[in-house]
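Peer 1: Handing you a structure now.
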Amino acid sequence: MAISKKLPSHDRKVSDLINKGGAVPNTSKKEERSIQNIQLRLPNSLIQKIDSQCINDYYQVKRSRHSWILDAILEKIDRESV
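Here it is in structure tokens:
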């Protein structure tokens, strides 16, 4: 039978914590997200046309491609729903 040295109190606390183990991860379903990511594949020629539309000629400010596409989708939905 092997005899080991008594651990110092700090080391004993650390050892007890390690041996205790951790909590089980939360397995409940995540709440439904209000925004969902999608992947959109577009030809380079269409992306170039979108990028040219994103630039405001008067202010020389580039609008984000993402917001331009969202606005285009919303315009299409508005036209189709009338």
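Going from the sequence shown to my numbering is simple: count from 1 and add 72.
For glycine and all other residues, C-beta sits at the position ideal for the given N, C-alpha and C.
1) What do you reckon, are the CB atoms on I122 and R135 nearer than 8 Å?
2) So, at 7 Å on beta carbons, what are the nonlocal neighbours of N128 in its own chain, with the 5 sequence-adjacent residues on each side left out?
3) Going along the chain, which residues of its own chain have a beta-carbon closer than 7 Å to the beta-carbon of Q125, five neighbours each way excluded?
4) Among the residues of its own chain, which have a CB less than 8 Å from the CB of L112, if the five just before and after it don't count?
5) Alpha carbon to alpha carbon, how far is I145 from E152?
Peer 2: By the coordinates alone:
1) The residue given as residue 122 occupies position 50 in the sequence shown. The residue given as residue 135 occupies position 63 in the sequence shown. No, these two residues do not count as a Cβ contact at 8 Å.
2) The residue given as residue 128 occupies position 56 in the sequence shown. The answer, listed in chain order, is R135.
3) Sequence index remark: in the sequence shown, residue 125 carries index 53 (1-based). Once the five neighbours on either side are set aside, the close Cβ partners of Q125 are W140.
4) On the sequence shown, position 40 is the one that residue 112 refers to. Result list for L112: I141, in chain order.
5) For this step, residue 145 is matched to residue 73 along the sequence shown. For this step, residue 152 is matched to residue 80 along the sequence shown. Looking at the two C-alpha atoms, the distance is approximately 11 Å.
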